[in-house]
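Trainee:
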Ligand code: PGA
């Protein structure tokens with residue numbers, strides 16, 4: 002058992018409408034998802050941040066955004082800065098999600114700029130990394146994860162690490178119903194922690210929380226979270242149903258991850 006406090010994120014992606022987002026936030030607050038030993042954050046679509054913030058109130062989970070831009074203001078049509086997110090009540094943001102890397106074409110360099118801009122703006126960041134099926138089949142899982150980790154965190158100072166969480170999300174497991182076995186996930190997490198130690202030091206590696214993401218559901222969460230290097234999860238599909246999400250939060254709370 003480690004001293005790391007488990008953290009569960011609910012990534013709502015491009016789902017729900019205003020009423021649905023507000024209802025989900027209210028349900029999560031009623032189900033007391035913020036209580037207990039687990040930290041909980043939800044990531045609604047940008048346009049519903051304000052309404053969700055109100056619905057979550059002061060007792061609900063914390064809130065974050067799914068993305069940001071790395072400039073602070075100016076002529077960047079359609080983009081949203083860290084300070085705007087803070088203004089809307091966000092304390093967290095995701096960077097490097099596989100859908101942004103693989104569908105929207107974001108490079109490690111962009112992920113790094115966004116991560117640094119988020120930190121500079123006062124946000125905490127969940128930095129997502131993970132290998133494709135092809136990379137896994139070629140035996141490159143750890144090399145890919147280590148490379149993404151190093152490049153995404155380039156020039157992030159040790160003083161900011163308490164606002165960084167890593168999410169390991171094998172691309173082939175996201176939204177597919179396929180989950181890494183707890184042993185495969187544990188192996189990847191352990192390698193990521195080792196890479197972290199070589200980038201910073203062993204103390205930083207012991208402290209950093211590494212979530213697993215990719216088809217986490219109430220029935221597989223407990224086995225994943227019981228692994229020594231898995232400190233909670235980043236949940237997509239199952240975060241849209243409050244009872245499923247609450248069950249996953251309960252599993253993390255009981256994991257002593
Ligand atoms: P999933 O998504 O739980 O639907 O697989 C996870 C994620 O993309 O963060």
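In my numbering, the protein residues as written are 2 to 258. Ideal Cβ placement from N, Cα and C applies to all residues, glycine included.
1) Where does residue 281 land, buried or exposed, given buried means 16+ other C-beta within 10 angstroms?
2) Among the residues of its own chain, which have a CB less than 6 Å from the CB of residue 78, if the five just before and after it don't count?
3) Identify the continuous beta strand (DSSP E) that holds residue 233 and give its terminal residues.
4) Less than 8 Å between the beta carbons of residue 215 and residue 167, yes or no?
5) Please identify the residue among 83, 121, 115 whose C-alpha is closest to the C-alpha of residue 98.
6) Taking DSSP as the reference, what is the three-state secondary structure of residue 15?
7) Considering only C-alpha positions, which residue in the set 127, 136, 177 is nearest to residue 153?
8) Look at the alpha carbon of residue 42 and the alpha carbon of residue 135, and state the distance between them as a whole number of angstroms.
9) Restricting to Cα atoms, I'd like to know which of 161, 231, 138, 52 is closest to residue 210.
10) Using three-state DSSP, classify residue 259 as helix, strand or coil.
11) Got a sec, what are the start and stop residues for the alpha helix (DSSP H) residue 96 sits in?
12) Out of curiosity, what's the CA-to-CA distance linking residue 241 and residue 11?
13) For the candidate residues 30, 22, 31, whose alpha-carbon lies nearest to that of residue 50?
14) So residue 148 is in the alpha helix (DSSP H); what residue range does that whole segment cover?
15) What do you reckon, is the C-beta of residue 221 under 7 Å from a heavy atom of the ligand PGA?
16) With distance defined between alpha-carbon atoms, name the residue in 235, 90, 72, 25 nearest to residue 172.
17) Pull up the distance between the alpha-carbon of residue 55 and that of residue 139, whole angstroms please.
18) Less than 8 Å between the CB atoms is what I'm expecting for residue 68 and residue 101, so what's the real figure, rounded?
Mentor: Result, derived from the coordinates:
1) Since the first and last residues shown for the chain are 2 and 258, residue 281 lies out of range.
2) Position 77 of the chain shown, counted from the first residue, corresponds to residue 78. Result list for residue 78: empty, nothing under 6 Å.
3) Position 232 of the chain shown holds residue 233. Annotation: the continuous beta strand (DSSP E) that includes residue 233 extends over 233–236.
4) For the purposes of this step, residue 215 is taken as residue 214 along the chain shown, with counting starting at 1. For the purposes of this step, residue 167 is taken as residue 166 along the chain shown, with counting starting at 1. The answer is no: Cβ separation not under 8 Å.
5) One-based indexing of the chain shown puts residue 98 at position 97. Selected option, being the one with the closest Cα: 115.
6) By 1-based counting over the chain shown, the position of residue 15 is 14. In the three-state scheme derived from DSSP, where H, G and I count as helix and E and B as strand, residue 15 is classed as coil.
7) Sequence index remark: in the chain shown, residue 153 carries index 152 (1-based). If we check each option's Cα against that of residue 153, 127 comes out closest.
8) Here the question's residue 42 lines up with position 41 in the chain shown. Here the question's residue 135 lines up with position 134 in the chain shown. Computed Cα separation, rounded: 31 Å.
9) Within the chain shown, residue 210 is the residue found at index 209, counting from 1. The residue with the shortest Cα to Cα distance from residue 210 is 231.
10) Here the chain covers residues 2 to 258 and nothing more, so residue 259 does not appear.
11) Position 95 of the chain shown, counted from the first residue, corresponds to residue 96. Counting along the chain, residue 96 falls outside any alpha helix (DSSP H), though it belongs to the beta strand (DSSP E) covering 93–96.
12) Residue 241 sits at position 240 when you count from the first residue of the chain shown. Residue 11 sits at position 10 when you count from the first residue of the chain shown. When rounded, the distance between both Cα atoms is 8 Å.
13) Here residue 50 is taken as the residue at index 49 of the chain shown, counted from 1. For the residues 30, 22, 31, the minimum Cα distance to residue 50 belongs to 22.
14) Taking the chain shown and counting its residues from 1, the one referred to as residue 148 is at position 147. Taken as a continuous stretch (DSSP letters only), the alpha helix (DSSP H) holding residue 148 covers 142–153.
15) What you label residue 221 is simply residue 220 of the chain shown in a count that begins at 1. Residue 221 Cβ: outside cutoff for every heavy atom of the ligand PGA.
16) Residue numbering aside, residue 172 sits at position 171 when the chain shown is read from its first letter. Distances from the CA of residue 172 to each of 235, 90, 72, 25 were compared; the closest alpha carbon is that of 235.
17) Residue mapping note: residue 55 aligns to position 54 of the chain shown, counting from 1. Residue mapping note: residue 139 aligns to position 138 of the chain shown, counting from 1. So the alpha carbons of these two residues sit roughly 47 Å apart.
18) As a first step, residue 68 must be located in the chain shown, where it is residue number 67. As a first step, residue 101 must be located in the chain shown, where it is residue number 100. Right, their Cβ atoms sit about 6 Å apart.
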